[in-house]
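Quick note, my numbering runs 1 ahead of the 1-based positions in the sequence shown. Don't be surprised by glycine CBs; every beta carbon is placed ideally from N, CA and C. This report concerns only the one structure given below.
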Amino acid sequence: MTVHIGAAPDQIAETVLMPGDPYRAKWAAETFLENAELVNEVRGMLGFTGTWNGNRVTIQGSGMGMPSLSIYANELITTYGAQTLIRIGSCGGMQPHVGIRDVIIAMTSSTITSPSTGFFKEINYAPCADYGLLSAAVRASEAKGTKTHVGGIYSSDVFYAERPDLDEQMVRHGILAVEMEAAELYTLAARHGRRALAVLTVSDHLQTGEALPSEDREKTFGDMVEIALEAAFA
Ligand code: HPA
């Protein structure tokens with residue numbers, strides 16, 4: 002048990018999928034895992050452990066934004082011994098060739114700040130994905146025929162941004178999409194020698210204003226969960 006996770010030590014698997022939304026954790030566990038058991042409900046941040054193809058998996062909500070994800074990822078790593086942590090979530094497309102429903106596999110993520118900025122000081126640390134997970138996710142995604150982009154993303158601190166000039170620079174520099182958690186997950190995994198990846202679904206587009214209709218979300222998000230599970234156990 003930790004401050005924010007009520008599970009017993011053996012109730013968390015070595016492989017953890019982390020959606021931002023606790024109800025998406027519930028949906029993914031009920032849809033993809035066998036014998037899924039609720040292992041955390043502290044603050045309503047639901048976590049479930051079950052098996053996928055015989056492999057133990059935990060799906061634990063991270064909340065929105067890097068400070069929230071940082072709490073859960075730290076506790077999963079340092080107390081529960083999580084080895085593989087994969088963020089699954091939505092993102093906003095930033096390039097014209099990135100469409101709604103496409104999958105983004107993040108090699109790296111840029112930030113203005115993250116919970117680690119304070120101690121990196123003058124260093125502009127470049128958080129990066131685990132290459133083995135990344136390449137396995139690309140293979141899984143291609144095998145499904147899902148339209149997939151692999152490259153840099155932007156982990157922002159704000160959903161309601163007031164600086165269009167920043168978005169413009171990100172777009173100019175090839176950033177595929179914006180979300181709010183991946184950079185901290187990659188940084189923590191690097192610090193503790195664990196594997197991390199973010200597999201994201203484009204739910205809206207910053208340039209076109211297009212957004213995924215809610216009835217389409219389950220099927221599209223399902224592809225992303227399967228890609229993450231296949232990558233974890235490749
Ligand atoms: N901004 C930040 N995070 C997001 C977005 C966005 O437009 N869409 C989905 N996650």
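Out of G45, S157 and A8, the CA that lies nearest to the CA of E38 is found in A8. About 6 Å separates the beta carbons of L86 and R195, which is inside the 8 Å limit, making them a contact pair. Annotated as proximal: P128 and A184, with beta-carbon spacing under 8 Å. Annotation for C92 indicates a beta carbon within 7 Å of some heavy atom of the ligand HPA. At least one heavy atom of the ligand HPA falls within 7 Å of the beta-carbon of S204. In the structure shown, the three-state DSSP call for R57 is strand. Here V179 is buried: its Cβ has 16 or more other Cβ atoms, across all protein chains shown, within 10 Å. The beta carbons of I176 and M95 sit closer together than 8 Å.
In this chain, the alpha helix (DSSP H) harbouring L135 covers Y132 to K145. Beta-bridge annotation (DSSP): R88 is paired with M19 and A199. Here H150 is bridged, per DSSP, to I105. Not one heavy atom of the ligand HPA is found less than 7 Å from the C-beta of L34. With fewer than 16 other beta carbons inside 10 angstroms of its own, T114 counts as exposed. If you look at A212, you'll find it isn't in any alpha helix (DSSP H); DSSP assigns it neither H nor E. With a cut-off of 7 Å, the C-beta of F121 is classified as distant from the ligand HPA, since no heavy atom of the ligand falls inside that distance. Taking all protein chains shown into account, R88 has 16 or more neighbouring C-beta atoms within 10 Å of its C-beta and is therefore buried. 8 Å or more divides the Cβ of V203 from the Cβ of T147. Taking 4 residues as the minimum length, the alpha helix (DSSP H) runs contained wholly in the region 150-184 are 165-173, in order along the chain. Residue pairing for E35: DSSP places it in a beta bridge opposite T52. DSSP places D224 inside the alpha helix (DSSP H), whose first and last residues are R218 to A233.
The beta carbon of E31 lies closer than 7 Å to those of A37 in the same chain, with the five residues before and after it left out. Residue pairing by DSSP places G94 opposite A178 and H206 in a beta bridge.
Not a single heavy atom of the ligand HPA lies less than 7 Å from the C-beta of S215.
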